[in-house]
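Quick notes on the structure that follows.
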Amino acid sequence: MNDAFARPASVLVLGATSDIARALLDRLVEDGCTHAVLAARDERRLEEVAAELRAAGPTVSTLAFDATEVGSACSVVDAGFAGGRIDLVVVAVGLLCDQPEDERDPERVARCVAVNFAWPAAALARVADHLARQGSGRAVVLSSVAGVRVRRSNFVYGSAKAGLDAYARTLDQTLAGTGAGITVVRPGFVVSKMTAGRTAPPIATTPEAVARDVVAGLERRSAVIWSPRSLAALFTALRLVPEPLWRRLPF
Ligand SMILES: NC(=O)c1ccc[n+]([C@@H]2O[C@H](COP(=O)([O-])OP(=O)(O)OC[C@H]3O[C@@H](n4cnc5c(N)ncnc54)[C@H](OP(=O)(O)O)[C@@H]3O)[C@@H](O)[C@H]2O)c1
Numbered sequence: 142m143n144d145a146f147a148r149p150a151s152v153l154v155l156g157a158t159s160d161i162a163r164a165l166l167d168r169l170v171e172d173g174c175t176h177a178v179l180a181a182r183d184e185r186r187l188e189e190v191a192a193e194l195r196a197a198g199p200t201v202s203t204l205a206f207d208a209t210e211v212g213s214a215c216s217v218v219d220a221g222f223a224g225g226r227i228d229l230v231v232v233a234v235g236l237l238c239d240q241p242e243d244e245r246d247p248e249r250v251a252r253c254v255a256v257n258f259a260w261p262a263a264a265l266a267r268v269a270d271h272l273a274r275q276g277s278g279r280a281v282v283l284s285s286v287a288g289v290r291v292r293r294s295n296f297v298y299g300s301a302k303a304g305l306d307a308y309a310r311t312l313d314q315t316l317a318g319t320g321a322g323i324t325v326v327r328p329g330f331v332v333s334k335m336t337a338g339r340t341a342p343p344i345a346t347t348p349e350a351v352a353r354d355v356v357a358g359l360e361r362r363s364a365v366i367w368s369p370r371s372l373a374a375l376f377t378a379l380r381l382v383p384e385p386l387w388r389r390l391p392f
């Protein structure tokens, strides 16, 4: 079946060693995905994920990439589509920065922006071309609530995610009428290897819960998926806080 909203048969995952992507892959395979192209940086972990997935049934191929090399995005995406049609593309690559260390260091800022915005945006531009040519298919982009109202305490990462979120939502508009589309996912704090060693807030969620929210959101044909859904109201309200007050808040 080629319905990327409900039960995609083929998937390309950019950042396949992500804990959230891994949980989502399990759901997609349960729901009938039979072919996966997995792309990631850590080749050893990538082969482990591929082996785990093959054991569950689907055919799996792998690709290596490093998102700091922004110029590689097109060739990675082209290689992902080389084996035939892809119903769903998951963009999970991301890097949580070390804010105090990074904010005044141009090289670290550039790396954070490359991994969280420039590489995923360049990849999405190419994905959009492939999906439009297919006349169907969907990309799911892992954005973050951090980009909805950027906070002083993680503004390097938050700014990059804000850029990716805006880019992906607007790229989706350009796909109107093609049969293809882009869905943005905005998780809150997720207990994953990205957040290891950080104190989880009470509203923290898990990769498995995000995967459930993504599948449910795709079934609802949502353009934006919040995870958990309650964050939509909270962050919509935070967007309205006047800047002078926002600057005085302790986060
Ligand atoms: N965890 C959260 O609280 C949270 C909240 C909101 C949004 N998100 C977003 O959700 C997505 C998945 O996050 P996660 O929680 O599953 O974290 P994760 O397990 O750390 O996944 C991040 C992915 O990005 C990859 N990556 C990092 N730097 C890379 C580079 N230079 N080149 C290629 N790949 C690179 C990682 O590869 P390696 O395995 O090689 O490191 C991994 O596949 C990310 O976009 C993240 O920003 C996460």
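Just so you know, we're using this note's numbering here: the sequence shown kicks off at 142 and counts up by one. Every residue gets a Cβ at the ideal spot worked out from N, C-alpha and C, and that includes glycine. Computed from a predicted structure; not experimentally measured.
If we call anything under 8 Å between Cβ atoms a contact, is residue i one with residue j?
i	j	result
residue 186	residue 209	no
residue 155	residue 264	yes
residue 249	residue 238	yes
residue 341	residue 332	yes
residue 288	residue 305	yes
residue 300	residue 286	no
residue 233	residue 204	no
residue 271	residue 206	no
residue 173	residue 197	no
residue 284	residue 327	yes
residue 268	residue 218	yes
residue 370	residue 354	yes
residue 153	residue 190	no
residue 170	residue 199	yes
Going by the DSSP bridge assignment, what does residue i pair with across the sheet?
i	result
residue 153	178 and 230
residue 288	According to DSSP, which records beta bridges pairwise, residue 288 is partnered with nothing at all.
residue 252	Answer by DSSP bridge pairing: none, since residue 252 is not bridged.
residue 202	178
residue 326	283 and 366
residue 331	346
Could you check what DSSP says for residue i in three-state terms: helix, strand or coil?
i	result
residue 321	strand
residue 382	coil
residue 366	strand
residue 283	strand
residue 353	helix
residue 277	coil
residue 142	Residue confidence is low: residue 142 scores 43 on pLDDT, short of 50, so the model does not pin down where it sits. No coordinate-derived value is stated.
residue 148	strand
residue 210	coil
residue 373	helix
residue 307	helix
residue 215	helix
residue 339	coil
residue 172	coil
residue 158	coil
residue 244	coil
residue 391	coil
residue 312	helix
residue 165	helix
residue 262	helix
Requested in this report: Taking 8 Å as the threshold, find out whether the region 363-370 comes into contact with the region 322-339 through three or more Cβ pairs.
Outcome: yes
**Report entry** the region 307-315 touching the region 266-284, judged by at least three CB pairs closer than 8 Å
**Finding:** yes
Query raised in the report: When the Cβ atoms of the region 164-184 are set against those of the region 342-359, are three or more pairs found closer than 8 Å?
Result: yes
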